[in-house]
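The block underneath contains the structure these notes are about, expressed in structure tokens.
In the numbering used here, the protein residues as written are -2 to 457.
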């Protein structure tokens, strides 16, 4: 900013006229640092904080009134007063005075004094704070996810990581920021191939990779990723789902099959040992069947509650939607999210939380028919599939019955607690609906129930 030369009475009058016409708060100080003129916009901004008219007041007294009592020497006003006293140009500086957020700029006026402008950006500041609150809320949701989530910048460092990925890798929030995401790959060439595939296709889904934990132990995971803009930076949004148990089970199955094949070859060559080898073959076949059954159970049923997983619920949902279209019958889904469950884990530990989740599953089973499907799709999230409904009004009593089933206290070894549930309900709309769109509408209705007070239901 260049200095303005004001050296005559007519020039001063012109400046005062300009101050009044500009839609910003403006103050003109004389060479003794007292207010010579203040426009109406300044008075509208700070009038409630001032002791009478600002004209004639010294800059220090005026700013102390705006800044508030007890702030002298450590507040925003000190550097501004210093710039005015020294005749220095003041670049943009943000201040907060009461509920007002302003940007201040200062300009020395030769032979006259100093000019300050105040631009009200309170609305912009509130919008920025709202965006920050929304981001914090999203991070809180991701922290509760059973899947690891990364946001990785162009330099290979993580811009964000949720609690699950830190638990997988055995790193604190501070430690994980210092380590490159690529350093966790056992095979760097495999990571390069995954990145190349994502670059070419626009995304990767469920790529099997082997990773290092912080203590050097290895584990297997499914990795998905896609380009993602985060705070104006081109990043990669990645999901990591650990499958070490599944891989071990598959290896065990392969070993069992190899043993079985060897035994069959020996039986062909050694007929005299047929009886003993047949018994061993039957044992191995039983082990193989048990392994395959266990794999199916792990994939289709929740290990804690025994309820169907999202994968099995998806299969049944596809079948139910097809049947509903053929028979022209009504079907619906309930998206259920527990209210007040997180404090159970935080206060009493995950063992208590697991006991509560088991009891939740039992109560939910008791609220619906055997032909309906009650599934657990997340930490404290459940999906209920209702088929063969006569008319839409039947879902309201079912939702009330489910809410009432949560009225009794949930007990566990350390004590007991009361939790509720928010329910979102969506009806199948016919050929235009897909399993994902139906679930998303029920999910949105559930969030509406939460926003309207929780422990209630909402229909999409």
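Even for Gly, the Cβ is constructed at its ideal location relative to N, Cα and C.
Going along the chain, which residues of its own chain have a beta-carbon closer than 6 Å to the beta-carbon of residue 333, five neighbours each way excluded?
Excluding residues within five positions, the ones whose Cβ falls inside 6 Å are 379, 418, 420.
Determine, using beta carbons only, whether residue 201 and residue 222 come nearer to each other than 8 Å.
Contact flag set, yes.
Can you tell which of 149, 181, 255 has the C-alpha that lies nearest to the C-alpha of residue 225?
Here the closest residue by C-alpha is 149.
Go through its chain and collect everything with a Cβ distance to residue 28's Cβ below 6 Å, but skip five positions before and after it.
Once the five neighbours on either side are set aside, the close Cβ partners of residue 28 are 110.
Would you kindly work out how many angstroms separate the C-alpha atoms of residue 22 and residue 41, rounded to a whole number?
Going by the C-alpha atoms only, they are around 8 Å apart.
Look up residue 99 in the DSSP assignment and give the residues it is bridged to.
According to DSSP, which records beta bridges pairwise, residue 99 is partnered with 92, 117.
My assumption, with CB atoms under 8 Å, is that residue 62 sits in contact with residue 87. Please give the rounded CB distance.
The Cβ separation is near 20 Å, so there is no contact.
Looking at C-alpha atoms only, which residue of 162, 180, 168 is the closest neighbour of residue 153?
Minimum Cα distance to residue 153 is reached at 180.
With H, G and I counted as helix, E and B as strand and the rest as coil, what does DSSP make of residue 241?
Three-state DSSP puts residue 241 in a helix.
Would residue 147 and residue 155 qualify as a contact pair, given that the criterion is a beta-carbon distance under 8 Å?
Taking 8 Å as the Cβ cut-off, residue 147 and residue 155 qualify as a contacting pair.
Could you check the C-alpha separation between residue 240 and residue 248 for me, to the nearest Å?
When rounded, the distance between both Cα atoms is 12 Å.
Do residue 78 and residue 92 have their C-beta atoms closer together than 8 Å?
Against a cut-off of 8 Å, the Cβ pair of residue 92 and residue 78 comes out as no contact.
Opposite residue 270 in the DSSP bridges: which residues?
Answer is none; residue 270 lacks a bridge partner.
Return the first residue and the last residue of the alpha helix (DSSP H) that residue 428 is part of.
Counting along the chain, residue 428 falls outside any alpha helix (DSSP H), and DSSP gives it neither H nor E.
Taking the C-alpha atoms as reference points, what is the distance between residue 326 and residue 441?
Rounded to the nearest angstrom, the two C-alpha atoms are 24 Å apart.
Spell out the partners DSSP gives residue 31 in its beta bridges.
DSSP output for residue 31 lists 55 as bridge partner(s).
State the DSSP-derived secondary structure class of residue 388, mapped to helix, strand or coil.
Coil at residue 388, not helix or strand.
By the DSSP assignment, the beta strand (DSSP E) with residue 494 in it spans what residues?
This structure does not reach residue 494, given that the chain is present from -2 up to 457, and the question cannot be answered.
Nearest to residue 238 by CA position, among 203, 407, 268, 231, is which residue?
Checking every option, the nearest Cα to that of residue 238 belongs to 203.
Whose CA, out of 356, 184, 209, 195, lies closest to the CA of residue 232?
Looking at the Cα atoms, 195 is the closest of the given residues.
Buried or exposed for residue 308, going by 16 or more other Cβ atoms inside 10 Å?
It is exposed - the Cβ of residue 308 has fewer than 16 other Cβ atoms within 10 Å.
Mark residue 70 as exposed unless 16 or more other C-beta atoms lie within 10 angstroms of its C-beta, in which case mark it buried.
Note on residue 70: pLDDT 44, under 50, position unreliable in the model; no value is reported.
Which two residues bound the contiguous beta strand (DSSP E) that contains residue 226?
Residue 226 -> beta strand (DSSP E) spans 215 to 227.
Classify residue 444 as helix, strand or coil using the three-state DSSP reduction.
It is helical.
Could you round the C-beta distance between residue 306 and residue 312 to whole angstroms and report it? I think they count as a contact, below 8 Å.
So it is not a contact: roughly 10 Å between Cβ atoms.
Taking the alpha-carbon of residue 381 as reference, which of 319, 431, 310, 103 has the nearest alpha-carbon?
Nearest of 319, 431, 310, 103 to residue 381, Cα basis: 310.
Nearest-angstrom Cα distance between residue 266 and residue 250?
Those two C-alpha atoms are separated by around 25 Å.
Taking DSSP as the reference, what is the three-state secondary structure of residue 207?
Three-state result, residue 207: strand.
Please classify residue 259 as buried or exposed, where buried requires at least 16 neighbouring CB atoms within 10 angstroms.
Exposed, since its Cβ has fewer than 16 Cβ neighbours within 10 Å.
Let me confirm a value: residue 431 is counted as buried when at least 16 other C-beta atoms fall within 10 Å, else exposed. Which label applies?
That one is exposed.
Assuming the contact rule is C-beta atoms closer than 8 Å, residue 24 and residue 168 should be a hit. Round their C-beta distance to whole Å, please.
Contact doesn't hold; Cβ gap of about 53 Å is too wide.
For a test of the three-state rule: what should DSSP assign to residue 363, helix, strand or coil?
Looking at residue 363 - three-state DSSP - the assignment turns out to be helix.
If we count the other Cβ atoms within 10 Å of its Cβ and call it buried at 16 or more, is residue 388 buried or exposed?
Residue 388 should be labelled exposed.
At which residues does the alpha helix (DSSP H) containing residue 345 begin and terminate?
Per DSSP, residue 345 belongs to the alpha helix (DSSP H) from 339 to 345.
Taking all protein chains shown into account, decide if residue 51 is buried (16 or more other Cβ within 10 angstroms of its Cβ) or exposed.
So residue 51 counts as buried.
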